[in-house]
Amino acid sequence: MKTAIIKYNAGNTQSVIYALERLGITPILTNNFDEIRAADKVIFPGVGEASSTMKHLQEMKLDQLIPSLKQPVLGICLGMQLMCKYSEEGNVNCLNIFDCEVKKFPTDASEKVPHMGWNTLYNTTQPWINNDLEDKHVYFVHSFYAPVVEETVASCDYILPFSAALQKDNFYATQFHPEKSAAQGAKIIENFIKL
Amino acid sequence: MLKKRIIPCLDIKNGRTVKGVNFVNIRDAGDPVELGALYAEQGADELVFLDITATNEGRKTFKELVKDIAKHLNIPFTVGGGISHVEDVAPLLYAGADKVSINSSAVKRPELIDELVAEFGSQCIVAAIDARYVEGKWIVHTHGGSKPTDKELFSWAKEVEQRGAGEILFTSMDHDGTKQGFANEALSQMASEVSIPIIASGGAGTMPHFKDVFEQGKADAALAASIFHFKEIGIQELKKYLKDNHIAVR
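From first to last, the protein sequence lines are chains A and B. For the first sequence, counting from 1, position 127 maps to 127 in this note's numbering; every step adds exactly one. For the second sequence, counting from 1, position 222 maps to 222 in this note's numbering; every step adds exactly one.
Laid out in structure tokens, this is it:
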């Protein structure tokens, strides 16, 4: 089992590496196309700003590689948002894997933005994200959200209902950070790895 | 619904927890990794590790420790203590910390917040503010609360928000260590003036204090140290108490 984590300029990938190691998996962190294509599973993490990150992906031609991958790919947080069609964060066209436009949380609401902390998943429709663990809390940090669409496989509520997870074909994605979401997060990563 | 957070805080000196930790069921009460993992298991929502080491050698140990904590911890954690430059932060975040807290150095040079936000993003910058009520005003103090400044609490809180800090960790020095409850009045005033999350610190002594800090103080998170370290309050029983009292917790 080879798991590749896509190496680019966004965010701290160390936490994802450690989360995999806790499950007994030693991933490789790489931006080499052959290595990524040859992996059994690919993880596309992300913390950062959408438009500058898209630019970086384009420079590295990762914007062409990622949508062409055939094995299960898991996008996390900004990784998920970049897999959507478009993002209001810097008004940028993204990878267009999910038919979904990422929007900014309305800041005039009484709730604080970013949505930061532990919140609950509901309407979990797919086995990889739906498990029998009692505690359905996962950890979120984000100011932009993907609305609930046809590809939504888990929802969450903050200011409004939004996509906590998306799935289409071999592409999987979570808005929350499974690597920081205690037992529930570890289970979701494990389920992805076992796909 | 977004949940209120309970955050144990560990003081670290030369890689070890200090301020007496009284645990019987872990092998080594001084080991921050083991203690952090235990708190995570008990349901802590986040952890804060504060480096109070004064020496460079001790700082290097801290960076190694952050790596070790990240390896073993599956919840978010903040590290702080002695951060004064952008270059201090990158190694901590790349070692696996989720957020860093800055305090005295930001008061001394507020642009540090802008620089850190530009480099790493708001979500990982926590502005820690220590203040004391002096002659009718909340005055910001630095250097572990020993030095008064010319800054007033609420205007400084607004400034750190404007400069892009993602959260405020407010410690009332008047309440810290008293176990008489949090500074709910000041906290709720701060909550009405800023729109970033506020972590309340200082004064936790009983479980009702936590209920009060969320209801009256309007805090988003509550931080405490000794009551957890000395097992005066268990995290699980605290969470149960809060749930029973209709506070949304995980």
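Where is the CB? At the ideal position from N, CA and C, for every residue including glycine.
Of the residues the options, which one's Cα is nearest the Cα of residue i?
i      : options                        : result
D114/B : A224/B, K13/B, R163/B          : R163/B
N31/A  : N130/A, Y172/A, F44/A          : F44/A
T3/A   : L160/A, K180/A, I28/A          : I28/A
I7/B   : K13/B, D31/B, R16/B, G36/B     : G36/B
L47/B  : K137/B, N56/B, P32/B           : P32/B
S52/A  : Y18/A, Q14/A, Y122/A, Y8/A     : Y8/A
P208/B : L169/B, L50/B, Y241/B          : Y241/B
I52/B  : G144/B, A222/B, T178/B, G166/B : G144/B
Does residue i come within less than 9 angstroms of chain A when only Cβ atoms are used?
i      : result
S122/B : yes
Y94/B  : yes
P91/B  : no
K291/B : An answer regarding residue 291/B cannot be provided, because it is not within the stretch 1 to 250 covered by chain B.
E167/B : yes
D88/B  : no
M190/B : no
S195/B : yes
D220/B : yes
K3/B   : yes
I125/B : no
P76/B  : yes
In the DSSP assignment, the alpha helix (DSSP H) including residue i goes from what residue to what residue?
i      : result
K231/B : Segment: none, K231/B is in no alpha helix (DSSP H) and carries neither H nor E.
Y39/B  : 32-42
M116/A : Segment 115-120 is the beta strand (DSSP E) holding M116/A; no alpha helix (DSSP H) there.
L20/A  : 14-22
V89/B  : 86-94
I76/A  : Unbroken run through I76/A is the beta strand (DSSP E), 73-76; no alpha helix (DSSP H).
R5/B   : Not the alpha helix (DSSP H): R5/B falls in the beta strand (DSSP E), residues 5-13.
K80/B  : Position check: residue 80/B holds Gly in this sequence, whereas Lys was assumed. Premise fails: G80/B lies in the beta strand (DSSP E), 77-80, not in any alpha helix (DSSP H).
S188/B : 184-193
S105/B : 104-108
Can you confirm whether residue i, when its beta carbon is compared against all beta carbons of chain B, has any partner nearer than 9 angstroms?
i      : result
S51/A  : no
S15/A  : yes
E111/A : yes
Y139/A : yes
H56/A  : no
Y145/A : no
F80/A  : Note that residue 80/A is Met in the sequence shown here, rather than Phe. Not one chain B Cβ lies under 9 angstroms of M80/A.
P106/A : no
S68/A  : no
A165/A : no
E196/A : Any question about residue 196/A goes unanswered here, given that chain A covers just 1 to 195.
N131/A : no
Rounded to a whole number of angstroms, what is the C-alpha to C-alpha distance between residue i and residue j?
i      : j      : result
N119/A : G43/B  : 14 angstroms
A191/B : A200/B : 11 angstroms
A118/B : A10/A  : 13 angstroms
K231/B : T206/B : 12 angstroms
V134/B : S146/B : 14 angstroms
K85/A  : K55/A  : 15 angstroms
D108/A : G15/B  : 44 angstroms
P147/A : S122/B : 23 angstroms
R5/B   : C94/A  : 34 angstroms
Y39/B  : Q236/B : 10 angstroms
G30/B  : K67/B  : 17 angstroms
I198/B : S68/A  : 43 angstroms
E101/A : M80/A  : 11 angstroms
Give a single yes or no on whether residue i has its beta carbon closer than 8 angstroms to a heavy atom of the ligand HEM.
i      : result
V141/A : Looking for the ligand HEM in the displayed structure turns up nothing, as the structure carries no ligands at all.
So the beta strand (DSSP E) residue i belongs to, where does it begin and stop?
i      : result
H137/A : 137-142
W156/B : Looking at the DSSP string, W156/B is not in any beta strand (DSSP E); the run it does join, the alpha helix (DSSP H), is 153-162.
A222/B : 221-224
A10/A  : From DSSP, A10/A is part of no beta strand (DSSP E); its letter is neither H nor E.
H141/B : 137-142
P161/A : 160-168
V126/B : 125-134
E49/A  : From DSSP, E49/A is part of no beta strand (DSSP E); its letter is neither H nor E.
Who are the Cβ neighbours of residue i in its own chain at under 7 angstroms, not counting the five residues just before and after it?
i      : result
G217/B : F182, N184, L187, S188, A200
T125/A : V153
K187/A : N131, L133
V89/B  : I83, V100, L116, F120
Take residue i and list the residues in its own chain whose beta-carbon comes closer than 8 angstroms to its own, dropping the five residues that flank it on each side.
i      : result
E215/B : I247
By Cβ distance below 6 angstroms, which residues in the same chain neighbour residue i in space, the five residues on each side in sequence not counted?
i      : result
K151/B : V140
F140/A : H115, N119, F176
Is the shortest distance between the beta-carbon of residue i and the beta-carbons of chain C less than 9 angstroms?
i     : result
P27/A : This model lacks chain C altogether, as its protein chains are A and B.
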